[in-house]
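S.K.:
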Amino acid sequence: MDYFSSDFKLGILGGGQLGKMMLYETRKWDVYTKVLDASPDAPSSMSCNEFVQGSLLDYDTVYNFGKDVDILTIEIENVNLDALEKLEDEGVKVYPQPKALRIIQNKAKQKLFYVDNDIPTADFQRFAYLSEIEDSIANGGLKFPFVWKVAQFGYDGQGVKVVRSLADLEGLPTGECIAETMVPFKNELAVIVSRNAEGEIKTYPVVEMEFHPEANQVEYVICPARIDDKVAEKARALALKVANKIGLTGLLAVEMFQTEDDQILVNEVAPRPHNSGHYSIEASYTNQFEQHIRSILGLPLGRTDSKVAGVMVNLVGAEGHTGNVVYKNINEILAMEGVTPHIYGKAQTRPFRKMGHVTIVNDDLGKARAIAEKVKETIQVISK
-14 MDYFSSDFKL
-4 GILGGGQLGK
6 MMLYETRKWD
16 VYTKVLDASP
26 DAPSSMSCNE
36 FVQGSLLDYD
46 TVYNFGKDVD
56 ILTIEIENVN
66 LDALEKLEDE
76 GVKVYPQPKA
86 LRIIQNKAKQ
96 KLFYVDNDIP
106 TADFQRFAYL
116 SEIEDSIANG
126 GLKFPFVWKV
136 AQFGYDGQGV
146 KVVRSLADLE
156 GLPTGECIAE
166 TMVPFKNELA
176 VIVSRNAEGE
186 IKTYPVVEME
196 FHPEANQVEY
206 VICPARIDDK
216 VAEKARALAL
226 KVANKIGLTG
236 LLAVEMFQTE
246 DDQILVNEVA
256 PRPHNSGHYS
266 IEASYTNQFE
276 QHIRSILGLP
286 LGRTDSKVAG
296 VMVNLVGAEG
306 HTGNVVYKNI
316 NEILAMEGVT
326 PHIYGKAQTR
336 PFRKMGHVTI
346 VNDDLGKARA
356 IAEKVKETIQ
366 VISK
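If you count the sequence shown from 1, position 66 lands on 51 in the numbering used here, and the numbers rise without skipping.
1. With a threshold of 16 other CB atoms inside 10 Å of the CB of Tyr114, please say whether the residue is buried or exposed.
2. How would you write the range of the beta strand (DSSP E) that Glu62 sits in, first residue to last?
3. Smallest Cα separation from Met167: which of Asn272, Lys94, Val148, Lys352?
4. DSSP three-state call for Val227: helix, strand or coil?
5. Which residue marks the beginning of the alpha helix (DSSP H) containing Glu317, and which one marks its end?
6. Assign Tyr48 to one of three DSSP states: helix, strand, or coil.
7. Per DSSP, what kind of secondary structure is Leu286 in: helix, strand or coil?
8. Go through its chain and collect everything with a Cβ distance to Glu317's Cβ below 7 Å, but skip five positions before and after it.
9. According to DSSP, is Met167 part of a helix, a strand, or is it coil?
10. State the DSSP-derived secondary structure class of Leu151, mapped to helix, strand or coil.
11. Taking only three categories from DSSP, how would you classify Arg221?
12. Given 8 Å as the limit, is there contact between the region 54 to 70 and the region -10 to 9, that is, 3 or more CB pairs closer than that?
13. Ordered along the chain, which non-local residues of its own chain (more than five positions away) have a Cβ less than 7 Å from that of Leu157?
14. For Lys221, which residues in the same chain have their Cβ closer than 7 Å to its Cβ, ignoring the five residues on either side in sequence?
15. Is the beta carbon of Gly51 sitting closer than 9 Å to the one on Ala68?
16. Excluding the five sequence neighbours on either side, which residues of its own chain have a C-beta within less than 6 Å of the C-beta of Leu3, listed in chain order?
17. Use the C-beta contact count for Gly262: other C-beta atoms within 10 angstroms, 16 or more gives buried, fewer gives exposed.
18. Specify the secondary structure class of Pro28 as computed by DSSP and reduced to three states.
19. For the structure I just gave you, are there three or more beta carbon pairs, one from the region 342 to 351 and one from the region 287 to 306, closer than 8 Å?
20. For Val100, which residues in the same chain have their Cβ closer than 8 Å to its Cβ, ignoring the five residues on either side in sequence?
21. Express the C-alpha separation of Ile356 and Val254 in angstroms, rounding to a whole number.
22. If you follow the alpha helix (DSSP H) that Tyr99 is part of, which residue opens it and which one closes it?
23. In terms of residues, what are the limits of the alpha helix (DSSP H) holding Arg12?
24. Under the rule that 16 or more other beta-carbon atoms within 10 Å means buried, what is Lys128, buried or exposed?
25. Comparing alpha-carbon positions, which option in Lys361, Tyr205, Ala332, Lys94 lies nearest Met321?
26. Out of Asp108, Leu286, Arg335, Ile56, which has the shortest C-alpha to C-alpha gap to Asn309?
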C-alpha cells in the first residue's frame, strides 16, 4: 500500500501529547491522519488532517470513527475495545490488536498474564471490591505495607497508592483492584520494544526512571541507565519475551524493577509510545514516535541506539497553581547547553498535570543529569 501523499488514512484514538508527537512524524511523511478525542482543545487537534470530538469509551463513537480509516492506532489504552474488535472483524487493521489491549487494559488481567507466561513480577492478590482488602487484612491474608492499584483506567500515577495502614484505604475507588507486595528495589527501569506488522522486532536501550516521591510520577528518565551491562541485557531480554508473548504490533513500553540482588521483575506495560521514550526525539537515531508509525505501517524498523546520552525532565503543573499556564524562566533553560523544551499545548495547568517535557543531551551522561537538575530547579509551570 502507498502511505505517502496518497488516499491512505491513519486513525488515531486519543489526541493528547503522545498523539501530537506522533503527528510530527506523519507530517514529516505526509501521511493523512484523523484523530478522535473528547476535548475540543486536545493537543493533537491542530496537527491532524481531520479532528473528531467524541468519547473514546463510547462504542458508537469509536466504531463510526474507525469505519473510514485504513489503519487504526491508539495513543491511550483506555478505549472501547468492543468497537475495535468489530472494526477488526470488518477488515480495518487495528494496531495494537484488541486482543493485546484486553490483557493490558486491566491491571489484574495483566498480572495474571505474567504468571501464566512465567514472566517474573511482584506477588499480588486480586480483589473484586476494595472492601475485600479490609477483610483480607483482618484475616491476616494481607500484610502492610502493600501497593494498591485500581484494575481499570489508572494512568500517570493515578490509581496507584502505597498502603501502610487502614486509613490509607479511605477515599479510594471501591471497585476491582490488586494489592501488590512491596518490592525492595534499587532501580526502576524501562525498555521500549517495537514490533512491526511483519514480525520484525527491536528493543531500545534500557532507561532508568527517577520518581517524584509525592506525585508518583516520573521526574527524570536517564538513557542509558546507569546499570551493569549484564543487568541491562537481562532487562532487554525480558522485555522481548513480554512483547513476543503479548504479540502486539506497535510499541510496547515495559516498566521493570531491578531488585537488590539484580533480579528483574516486570511492573507493568503500556502498548504505545511512552514517557520513558521521550528522550529519543533528541537522543536516538529513530525516535519512538517514528518507530511506532513504522511498526503499524509494516515498514522496516529504524535504528534504536542513541547518538548521545539523554535525560528527560517532565514539566508538570506546580502545586497551588490552576488556570492559564505560564512557563516561568523558559528563556533561562533555553540558554543552557543541549536543552530542548517540548510544550504540549495544554492551555490550562493544574497541580502535577503533565504540561511538557525537556530533553537534555550531552556526550557525558553525568553532565546531562546535572543540567537536568538545573532545568528542574529553574523552570516553573505556573498559572497567570
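Cβ atoms here follow ideal geometry from the backbone N, Cα and C, with glycine treated the same way.
M.R.: If we stick to the structure as given:
1. exposed
2. That residue, Glu62, is in no beta strand (DSSP E); it is neither H nor E in DSSP.
3. Val148
4. helix
5. First-last of the alpha helix (DSSP H) with Glu317: 315 to 319.
6. helix
7. coil
8. Thr363
9. coil
10. helix
11. helix
12. yes
13. Leu115, Trp133, Lys146
14. Note on identity: in this sequence residue 221 is Arg, with Lys being the wrong assignment. Within the same chain, Arg221 has close Cβ partners Val176, Thr188, Val191.
15. yes
16. Glu60, Pro258
17. buried
18. helix
19. By the Cβ rule, the region 342 to 351 counts as touching the region 287 to 306, because three or more pairs are nearer than 8 Å.
20. Thr106
21. Spanning the two alpha carbons is a distance of roughly 29 Å.
22. 92 to 101
23. 2 to 14
24. exposed
25. Checked all of Lys361, Tyr205, Ala332, Lys94; the closest Cα to Met321 is Lys361.
26. The alpha carbon of Asn309 has as its nearest neighbour, out of Asp108, Leu286, Arg335, Ile56, the alpha carbon of Arg335.
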